[in-house]
Amino acid sequence: MKKYIILLLLSFQGLWAQVQFEAKVSKTTLGVNERLRIDFVMNIDGDNFVQPSFEGFRIIAGPSQQVSQSWVNGRSSFEKIYSYFLLPNQKGTFVIKQATIEYNGQIYKTAPIKINVTTAIQQPNDPNDPNGTQISADDNIYLVADISKTNPYINEPITVVYKLYFSYNIGISNWRELNKPKYNDFWSQNIDIKQLVLEEGMFKGQKYRYVVLRKTVLYPQKSGKLAIEPLSLDIDVQLPTNRRDVFGRVIVNDGNKRVSAGAKTITARALPEAGKPEDFTGAVGNFDFKVIPTKTVLKNGESLDVLVSVSGKGNVKLFTLPKPVVPNALEMYDPVHNENVTTGLSGMIGKITDNYTIIPQYKGKYLIKPMQFSYFDLSSGTYKTLHSQEIMVDVLDGPTAADTTAVATTAGAKNKIATTEQFKFIKLKSNLLPMHQQDFFESKMFYALLFLPFLLLPLIVLFRKKKEAFDSDISGNRIRMNNRLAKKYLSEAKKQINNKEPFYVALEKAMHNFLKAKLHIETSEMSKDNIQELLLSRNANPQAVNDFIALTENCELARYAPASSTSIQHDFDKAVLIISELEKQIV
2 MKKYIILLLL SFQGLWAQVQ FEAKVSKTTL GVNERLRIDF VMNIDGDNFV
52 QPSFEGFRII AGPSQQVSQS WVNGRSSFEK IYSYFLLPNQ KGTFVIKQAT
102 IEYNGQIYKT APIKINVTTA IQQPNDPNDP NGTQISADDN IYLVADISKT
152 NPYINEPITV VYKLYFSYNI GISNWRELNK PKYNDFWSQN IDIKQLVLEE
202 GMFKGQKYRY VVLRKTVLYP QKSGKLAIEP LSLDIDVQLP TNRRDVFGRV
252 IVNDGNKRVS AGAKTITARA LPEAGKPEDF TGAVGNFDFK VIPTKTVLKN
302 GESLDVLVSV SGKGNVKLFT LPKPVVPNAL EMYDPVHNEN VTTGLSGMIG
352 KITDNYTIIP QYKGKYLIKP MQFSYFDLSS GTYKTLHSQE IMVDVLDGPT
402 AADTTAVATT AGAKNKIATT EQFKFIKLKS NLLPMHQQDF FESKMFYALL
452 FLPFLLLPLI VLFRKKKEAF DSDISGNRIR MNNRLAKKYL SEAKKQINNK
502 EPFYVALEKA MHNFLKAKLH IETSEMSKDN IQELLLSRNA NPQAVNDFIA
552 LTENCELARY APASSTSIQH DFDKAVLIIS ELEKQIV
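Quick note: the sequence shown uses my numbering, first residue 2, plus one each step.
Shown next, in the form of structure tokens:
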């Protein structure tokens, strides 16, 4: 009898066992160039396995399935595993959602797992590589950032050239940027590379092939240690094996390699205080300074233009030109700013000009004092000051300042006498009252005030219902509030157009609130991909969507980079144009 009981218990052991289904990962924090292994483990033979979407990751291998069953001391154990190898697409925090299986008519789910993806790190050979080819790629491909100078002055140009070195043993078919380098505290300008050229060069004492992927010119905007975040690439490679085909050719395996140029640090030096001129506005380089009037002899009603220009090599876009000081008799208007600047690997070269229009008010000769412009010369390490010539403006005809003052004084005196003396015997104020006054009782005003409350009752009831409906419309109120905030911040950006950082803060808030009003989303949902998908689904023009996202990203960078009044005005006009276009396009 005892034997039968034991056999009965063993036969129902599987039914009594608790179902376990869980997800296990190799690590919860990894670099953007590392791989992640995830196993979905169950202790029963579940059916209809459904994998999660793996948002933020790319599957490079899997799923692979393993099943094992064993008997130990009369007890059976069962385990089934679905395994994947993943590569992150970008930095950030991602959640691997639930996987599901079906067993005995019930659905079982795994718990979500949060994964933190950091910047690229230098890693050893990956023992979990399912193809076994990543080991050879590690020693045959490198991404390098060549920096022309690591200790420049503030506003001295330096260049960063990104080169991809790879040996003759491997091939490259494609690459994708995982992380673009960020240049906080720098003014930056990318140099266009029209065509990639394969070259040969020495690296680590060996001969490699390489291509130049990026060229960037940087101008440090503050002193101290400044970090350059790395460029990271995801590269498709072809790696040779020890096997050969029937024709004797080496068999090549397709692989994948993620490389990073690594973070770089620049130590920027402050410009010397000794000998710094009071009018110095940050110009660094080698420049020529000119102040040229279009004419100096004028007739009544004519105007002249004064062109203030600086040309040469240096941070041409990153300083302000001096302003002429003119006598009060000359009316000077705000300048028209023009730039003709090109940026190469050696830095900016060109000319900037402020064109002032001046209109004389009176006849006479007027002196515009000499102007001066100061800059820091990198070749000599000293400050230099350039001076312009004085300008004498001769107005041949028209009223003189003395005649105008005399006429105004005489006219004022005559008016004063006429006002005080001519009519002083006439009484100008009176306190007259009507002889017959109408009583308030039974007057038109009396009946109007009497029946007014009864007439207002329907309006009050209607207004109350409208208000209750308005208050209950939570979604509509949120949209209207976001609309008001977008208009408010856009107006604030216009007011702050001469203050760079408050302007870009207000402009960014205006664009975010515009999105919240039109797409009915919250701040937590404002990722680049989500915004792009929602706008395109609402029939927005792809070019307008790309311009909107690019301008939003530029608002954050522009807070720390110097900007002229022209570029700020351009960004404001562009924001108004993009918002107007999206307003018409979104349905």
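For glycine and all other residues, C-beta sits at the position ideal for the given N, C-alpha and C.
State the CB to CB distance for the pair residue 156 and residue 368, rounded to an integer number of angstroms; the pair is presumed to be in contact (CB under 8 Å).
So it is not a contact: roughly 34 Å between Cβ atoms.
Does DSSP classify residue 24 as helix, strand or coil?
Three-state DSSP puts residue 24 in a strand.
Within its chain, find whatever has a CB closer than 6 Å to the CB of residue 253; leave out the 5 residues flanking it on each side and keep chain order.
Contacts found: 239, 241.
Shortest alpha-carbon distance to residue 196 belongs to which of 184, 107, 56, 213?
Comparing Cα positions, the closest option is 213.
Within 10 Å of its beta-carbon, does residue 584 have 16 or more other beta-carbons around it, so buried, or fewer, so exposed?
Exposed, since its Cβ has fewer than 16 Cβ neighbours within 10 Å.
According to DSSP, simplified to helix, strand and coil, what is residue 157?
Coil.
By how many angstroms is the C-alpha of residue 366 removed from the C-alpha of residue 287?
Cα to Cα, the separation comes out at about 35 Å.
Could you check the C-alpha separation between residue 263 and residue 92 for me, to the nearest Å?
Rounded to whole angstroms, residue 263 to residue 92 spans 15 Å at the Cα level.
Below 8 Å on the Cβ atoms is my guess for residue 265 versus residue 229; work out the distance and round it to an integer in Å.
Their Cβ separation, rounded to whole angstroms, is 4 Å, which keeps residue 265 and residue 229 in contact under 8 Å.
Under a Cβ-count criterion, where at least 16 other Cβ atoms within 10 Å of its own Cβ denotes burial, should residue 261 be classed as buried or exposed?
It counts as buried.
Exposed or buried, residue 573, counting other C-beta atoms within 10 Å across all chains shown (16 or more means buried)?
Buried, since its Cβ has 16 or more Cβ neighbours within 10 Å.
Under 8 Å, with one C-beta from each stretch per pair, do the stretch 337–356 and the stretch 368–385 reach the 3-pair mark?
Too few Cβ pairs lie closer than 8 Å, so no.
Can you tell me whether residue 315 is buried or exposed, with buried defined as 16 or more other CB within 10 angstroms of its CB?
The residue in question, residue 315, is buried, as its Cβ has 16 or more Cβ neighbours within 10 Å.
What span of residues does the alpha helix (DSSP H) with residue 538 cover, start to end?
From DSSP, the alpha helix (DSSP H) with residue 538 extends over 529–538.
For my contact list, residue 307 and residue 397 are in at a C-beta cut-off of 8 Å; report their separation, rounded to the angstrom.
Their Cβ separation, rounded to whole angstroms, is 19 Å, which puts residue 307 and residue 397 out of contact at 8 Å.
Residues in the same chain with beta-carbon distance under 8 Å from residue 96, minus the five sequence neighbours each way, listed in chain order, please.
So the list reads 56, 113, 114, 115, 116, once near-sequence residues are dropped.
Could you give the residue range of the beta strand (DSSP E) that holds residue 31?
First-last of the beta strand (DSSP E) with residue 31: 30–32.
Less than 6 Å between C-beta atoms, sequence neighbours within five positions excluded: which residues of the same chain meet that for residue 159?
For residue 159, where only same-chain residues beyond five positions count, the Cβ hits under 6 Å are 149, 150, 153, 219.
Please identify the residue among 531, 502, 504 whose C-alpha is closest to the C-alpha of residue 516.
Residue 516 has its Cα closest to that of 531, out of 531, 502, 504.
Use the C-beta contact count for residue 198: other C-beta atoms within 10 angstroms, 16 or more gives buried, fewer gives exposed.
Exposed, because fewer than 16 other Cβ atoms sit within 10 Å of the Cβ of residue 198.
Residue 520 lies in the alpha helix (DSSP H); which residues open and close that run?
Note, residue 520: alpha helix (DSSP H), 501–520.
In the DSSP assignment, find the unbroken beta strand (DSSP E) run with residue 310 in it and report its ends.
Unbroken beta strand (DSSP E) run through residue 310: 305–315.
Alpha carbon to alpha carbon, how far is residue 37 from residue 280? Give it in angstroms, no decimals.
Going by the C-alpha atoms only, they are around 58 Å apart.
Would the stretch 98–109 count as touching the stretch 532–540 if we require 3 or more Cβ pairs under 8 Å?
Judged by Cβ distances under 8 Å, the stretch 98–109 makes no contact with the stretch 532–540, as fewer than three pairs qualify.
Out of 217, 207, 325, 82, which one is the CA nearest neighbour of residue 183?
Minimum Cα distance to residue 183 is reached at 217.
Of the choices 45, 222, 170, 67, whose alpha-carbon is the least far from that of residue 108?
Of the listed residues, the one whose Cα sits closest to residue 108 is 45.
Considering only the beta carbon of each residue, do residue 338 and residue 359 sit closer than 9 Å?
The answer is no: Cβ separation not under 9 Å.
According to the neighbour-count rule (16 or more other Cβ atoms, all chains shown, within 10 Å of its Cβ), is residue 222 buried or exposed?
Answer is buried; the Cβ neighbour count reaches 16.
In angstroms with no decimal places, state the Cα-to-Cα distance between residue 200 and residue 83.
Their backbone Cα atoms lie some 45 Å apart in a straight line.
Give the DSSP bridge partners of residue 452, in chain order.
DSSP, once it has assigned bridges, lists no residue as partnering residue 452.
DSSP puts residue 357 in a beta bridge; with which residues?
Note: residue 357 sits in a beta bridge opposite 307.
Where do the ends of the beta strand (DSSP E) carrying residue 190 lie?
Taken as a continuous stretch (DSSP letters only), the beta strand (DSSP E) holding residue 190 covers 187–191.
Grab me the residues of residue 324's own chain with a C-beta within less than 7 Å of its C-beta, minus the 5 sequence neighbours each way, in chain order.
There are no such residues.
Nearest by alpha-carbon distance to residue 225: which of 255, 582, 267, 234 is it?
Among 255, 582, 267, 234, the Cα nearest to that of residue 225 belongs to 267.
If we count the other Cβ atoms within 10 Å of its Cβ and call it buried at 16 or more, is residue 332 buried or exposed?
It is exposed - the Cβ of residue 332 has fewer than 16 other Cβ atoms within 10 Å.
Is residue 94 helix, strand or coil when you go by DSSP?
Residue 94 falls in the strand class under three-state DSSP.
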